[in-house]
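**Student:** Under our numbering, the letters of the sequence shown match residues -10 to 207, in that order. Would you mind keeping the following structure in view while I ask a few things?
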Amino acid sequence: MMQTELDLFNPHDPLQPQWVGTQAVVLPGFALQQVQALLPVLRQIIAQAPLRHMFTPGGLKMAVGLTNCGALGWVSDRHGYRYSAVDPLSNQPWPALPEVLLGLANRAASLAGFSDFHADACLVNCYRPGNRLSLHQDRDERDFDQPIVSISLGLPAVFLLGGHARNAPTQRIGLRHGDVLVWGGEDRLRFHGVLPLKPGSHPLLGELRINLTLRKAG
Ligand code: MD6
Ligand code: FE
-10 MMQTELDLFN PHDPLQPQWV GTQAVVLPGF ALQQVQALLP VLRQIIAQAP LRHMFTPGGL
50 KMAVGLTNCG ALGWVSDRHG YRYSAVDPLS NQPWPALPEV LLGLANRAAS LAGFSDFHAD
110 ACLVNCYRPG NRLSLHQDRD ERDFDQPIVS ISLGLPAVFL LGGHARNAPT QRIGLRHGDV
170 LVWGGEDRLR FHGVLPLKPG SHPLLGELRI NLTLRKAG
């Protein structure tokens, strides 16, 4: 089925923000108009700082491919999780955070009620069918008053939004190509993850889902 047909049979109104928490909102299709500008920029970032599979502190290799752009990048290895100003593969700064991404993130954050978002880091996560992201909290950033803006591209995924305890019930949120999720405030430290990606092929990205999360890390 073509993307346009999928959109026509979309179960929810593509324009209506969906609040999934008191300070967490999905903006369906919010990034769609920027996709054509984003893809070459993303390609450039990945050429400069290649996707890689990082190791968790416990020694497990992450299934999701990862890279970063911005002044700070999230890294994981046997010593732990942290933000680093240099790419450990090259010992060079990460690629700059492109204006097209910053502008999009600021507009999304404002709509969600966060009008002074100052992103300095963008984590690029690349999923292939079968890849998942286990439940976690994002707590390596300095200022939890700053929100996180998450942009989904390519294959759809089911995002799990939990509570403040790992064993709290989770809600399932469908994230499709072009959807933007903004969360912050009292929702900022909720556990979350991504269910195994279903097989499929996206017209623009193929057998891939890319998630961009912009944060103020430093
Ligand atoms: C993903 N996202 O959607 C993984 N974290 O592939 C995250 O881990 C995430 O989307 C914090 C805020 C928004 C997110
Ligand atoms: Fe996260």
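Built from N, CA and C at the ideal position, the CB exists for glycine as well.
Taking buried to mean at least 16 other C-beta atoms within 10 Å of its own C-beta, is H42 buried or exposed?
**Tutor:** By the neighbour-count rule (16 or more Cβ atoms within 10 Å), H42 is not buried but exposed.
**Student:** Got a sec, what are the start and stop residues for the beta strand (DSSP E) L40 sits in?
**Tutor:** Element bounds for L40: n/a, residue is neither H nor E.
**Student:** Give me the residue from V113, L164, G143, L201 with the minimum Cα distance to G189.
**Tutor:** Cα-wise, what sits closest to G189 is G143.
**Student:** To the nearest angstrom, report how far apart A60 and R71 are at their CA atoms.
**Tutor:** 13 Å
**Student:** One question on the structure: do D176 and A36 come within less than 8 Å of each other, judged by their Cβ atoms?
**Tutor:** no
**Student:** When a residue counts only if its C-beta is closer than 6 Å to some heavy atom of the ligand MD6, which residues count, in chain order?
**Tutor:** For the ligand MD6, residues qualifying as neighbours are N114, L122, D127, I137, S139, F148, L170, W172, H181, V183, N200, T202, where qualification means a beta carbon closer than 6 Å to at least one of its heavy atoms (chain order).
**Student:** From P118 to T159, what does the alpha carbon distance come to, in whole angstroms?
**Tutor:** Computed Cα separation, rounded: 22 Å.
**Student:** Tell me the rounded alpha-carbon separation between T81 and S73.
**Tutor:** Correcting the residue type first, residue 81 is Gln in the shown sequence and not Thr. Spanning the two alpha carbons is a distance of roughly 10 Å.
**Student:** What first and last residue would you give for the beta strand (DSSP E) that runs through S123?
**Tutor:** Unbroken beta strand (DSSP E) run through S123: 122 to 125.
**Student:** Give me the Cα-Cα distance between H68 and G47, rounded to the nearest whole angstrom.
**Tutor:** 9 Å
**Student:** Check the DSSP bridge columns for K50 and list the partner residues they point to.
**Tutor:** F44
**Student:** Which one or two residues does DSSP pair with V64 in a beta bridge?
**Tutor:** Under DSSP, V64 takes part in a beta bridge, and its partners are R71.
**Student:** With DSSP run on the structure shown, which of helix, strand or coil describes D76?
**Tutor:** strand
**Student:** Please indicate yes or no: does the CB of H153 lie closer than 7 Å to some heavy atom of the ligand COA?
**Tutor:** This structure lacks the ligand COA; its bound ligands are the ligand MD6 and the ligand FE.
**Student:** Look at the alpha carbon of F133 and the alpha carbon of A108, and state the distance between them as a whole number of angstroms.
**Tutor:** Roughly 12 Å between the two C-alpha positions.
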